[in-house]
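In UniProt numbering, the protein residues as written are 1 to 106.
Even for Gly, the Cβ is constructed at its ideal location relative to N, Cα and C.
Here the structure comes first, spelled out in structure tokens, and everything after it is commentary.
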């Protein structure tokens, strides 16, 4: 995500000056893509409005949602199994076959 949002796209040909600053070549960006024109050295802007940054953010969100949905499915399966076992145990406990174990007080 850092290369999509915090650094200019490599196809732009911007020259590295220091950790927070990149310089546009005198002849302009090497690539005519809108991301090259969107880049800013302002720390509050950088390339947050670049398409490459937006794509990276969406990919990260999709990856996290896939993991979350898989975890939810696993939890749902476990709860379903526990519910099924509980219903079977309750039904078997209420059957007439267990009356002999209740003792003389029942």
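With three or more C-beta pairs closer than 8 angstroms as the rule, is the region 61 to 68 touching the region 36 to 48?
no
Taking only three categories from DSSP, how would you classify residue 41?
coil
By the 10 Å Cβ neighbour count, where 16 or more other Cβ atoms means buried, how is residue 52 classified, buried or exposed?
buried
Expressed to the nearest angstrom, what Euclidean distance is found between the alpha-carbon atoms of residue 89 and residue 77?
18 angstroms
So the beta strand (DSSP E) residue 15 belongs to, where does it begin and stop?
15 to 18
Residue 80: buried (16+ other C-beta within 10 angstroms of its C-beta) or exposed?
exposed
Between which residues of its own chain and residue 49 is the CB-CB distance below 6 angstroms, once the five residues before and five after are set aside?
38
Whole-Å CB distance - residue 25 paired with residue 36, under 8 angstroms assumed:
Incorrect: roughly 10 angstroms between the Cβ atoms, too far for contact.
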